[in-house]
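Read the structure below first, then the notes.
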Amino acid sequence: MKTIEEVTQFLENDSELKRLLKDVASLELPDWWICAGYVRSKIWDDVHGYLTPTATEDVDVIYFDRSQIDEAIEKEYEAQLHGLSPNVPWSVKNQARMHLVNQLPPYESAIDALAHFPETVTAIGVSLDANGRLIVAAPHGVDDIIELRLRPTPAFTDGSPHHHIYRARIQKKNWQATWPRLQEVDVSRHGC
303 MKTIEEVTQF LENDSELKRL LKDVASLELP DWWICAGYVR SKIWDDVHGY LTPTATEDVD
363 VIYFDRSQID EAIEKEYEAQ LHGLSPNVPW SVKNQARMHL VNQLPPYESA IDALAHFPET
423 VTAIGVSLDA NGRLIVAAPH GVDDIIELRL RPTPAFTDGS PHHHIYRARI QKKNWQATWP
483 RLQEVDVSRH GC
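Terminal number for the sequence shown in my numbering: 494, no gaps in between.
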């Protein structure tokens, strides 16, 4: 895999992902995406040549709806998804409210929220277009995911008020224990 088109093709061939995308699509959420670790892990497993998928903590679903920012609604969507796929650890978050949790300026869309995730490799999402075709959103590109580089997004670079969150996540997640070819590339706000 070298391009977003190849990443898209790879993900299109994943039967489990396709099933989960259909589950989420059935909720008819606005601007929805399955994102972050679930998607990232599939790519890292492939690049590492793993034949068995690495278990993930949860399947993150994000959407963007300014008209309904009550967290209880997210829990209702999680319950609906559990009804469709009870063995999946669903996590649903409306990104129209998450800027408050993350102490960042308001997001404009789910993709804008993805762009403000702590790591470039986590800032990836998949959804279905109006014709049911898989689409990939990667606001910072897919190079870091494919080339196994851990790097903060601009909002979390060294010197930013949120850099400690990036550092804590890198330590806590310890991704290199599972995917040993990962290399951290920490950049300052003033360049690479």
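We put the CB at the ideal spot given by N, CA and C, even for glycine.
Please go through the same chain and pick out, in chain order, the residues whose beta-carbon is closer than 7 Å to the beta-carbon of T480, but skip the five residues on each side of it. Excluding positions up to five away in sequence, the list reads T356.
Between S411 and the rest of its own chain, which residues show a CB-CB distance below 7 Å, the 5 nearest in sequence each way excluded? Hits under 7 Å: D333, F366.
Can you check the stretch 323-368 for any alpha helix (DSSP H) of at least 4 residues that lies completely inside it and give the ranges in chain order? Runs found: 339-350.
Could you check if D446 is buried or exposed, using at least 16 other CB atoms within 10 Å of its CB as the buried criterion? With at least 16 other beta carbons inside 10 angstroms of its own, D446 counts as buried.
Drop a sphere of 10 angstroms on the beta-carbon of T354, count the other beta-carbons inside from all chains shown, and report buried for 16 or more, exposed for fewer. It is exposed - the Cβ of T354 has fewer than 16 other Cβ atoms within 10 Å.
Range covered by the beta strand (DSSP E) that runs through W392: Counting along the chain, the unbroken beta strand (DSSP E) around W392 starts and ends at 392-396.
Whole-Å CB distance - V304 paired with I448, under 8 Å assumed: For clarity, residue 304 is Lys in the given sequence; the question names Val instead. Right, the Cβ-Cβ distance comes to about 6 Å (below 8 Å), so this counts as a contact.
Look at the Cβ atom of H401, then the Cβ atom of P408, and state whether they are nearer than 8 Å. Yes, they are a contact pair.
Spatially closest choice to R471 from D431, F458, S462, by CA coordinates: Among D431, F458, S462, the Cα nearest to that of R471 belongs to F458.
What are the boundary residues of the alpha helix (DSSP H) that I375 is part of? Where I375 is concerned, the enclosing alpha helix (DSSP H) stretches over 373-386.
When burial is assigned at 16 or more other CB atoms within 10 Å of the CB, is K474 buried or exposed? Label assigned to K474: exposed.
Compute the distance between the beta-carbons of R483 and H350, then report whether it is under 8 Å. Yes, the pair counts as a contact, with Cβ atoms nearer than the cut-off.
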